[in-house]
Amino acid sequence: MFIALERLINLDDGYRRLFQVDGRSLLLLMVDRQPVLLENRCPHQGAPLHNATVVGTVLRCSRHGAEFDLLNGQSLNASCGNLNLFKLAYDGDRIGIDL
Ligand code: FES
Numbered sequence: 001m002f003i004a005l006e007r008l009i010n011l012d013d014g015y016r017r018l019f020q021v022d023g024r025s026l027l028l029l030m031v032d033r034q035p036v037l038l039e040n041r042c043p044h045q046g047a048p049l050h051n052a053t054v055v056g057t058v059l060r061c062s063r064h065g066a067e068f069d070l071l072n073g074q075s076l077n078a079s080c081g082n083l084n085l086f087k088l089a090y091d092g093d094r095i096g097i098d099l
């Protein structure tokens, strides 16, 4: 089942928005002109990520500073798990997620 999150036309540089889907908090943001959807939860100790700093393709959690590559979710800090990324789906002029 496709769940629409946003109109494609709204995905500008700097776009960042939270959605609640199926009991989870998901963060949709534009990274290097690509949309990325991830769970709004830091793999380190669970802090929300919607206020994280993003520089280039690297997201830095505001709680303890763990860093992640947004293009593949990988942690750049050895002691931490990876981001939980979700595959995006498209339907007409909408971007969303297939559940
Ligand atoms: S909770 Fe994100 S770095 Fe610790």
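So in UniProt numbering, spot 99 of the sequence shown is number 99, and the numbers just go up one at a time. Yeah, the Cβ is synthetic: ideal placement off N, Cα and C, and Gly gets one too.
Through-space distance from residue j to residue i, alpha-carbon basis
i     : j     : result
LEU28 : ARG17 : 5 Å
ASN51 : SER62 : 7 Å
GLN45 : GLY92 : 37 Å
VAL21 : GLU39 : 10 Å
ARG7  : GLN34 : 14 Å
LEU99 : PHE2  : 6 Å
ALA47 : VAL55 : 19 Å
THR57 : CYS80 : 18 Å
ILE43 : ASN72 : Looking at the sequence provided, one finds Pro at residue 43 rather than Ile. Distance between the alpha carbons of PRO43 and ASN72 is about 14 Å.
Outcome for residue i when other beta-carbon atoms lying within 10 angstroms are tallied against a minimum of 16
i     : result
ASN82 : exposed
LEU5  : buried
Cross-strand partners of residue i (DSSP beta bridge)
i     : result
LEU85 : LEU38
Any heavy atom of ligand 1 within less than 5 Å of residue CB: hits in chain order: CYS42, HIS44, GLN45, ALA47, CYS61, ARG63, HIS64, ALA66
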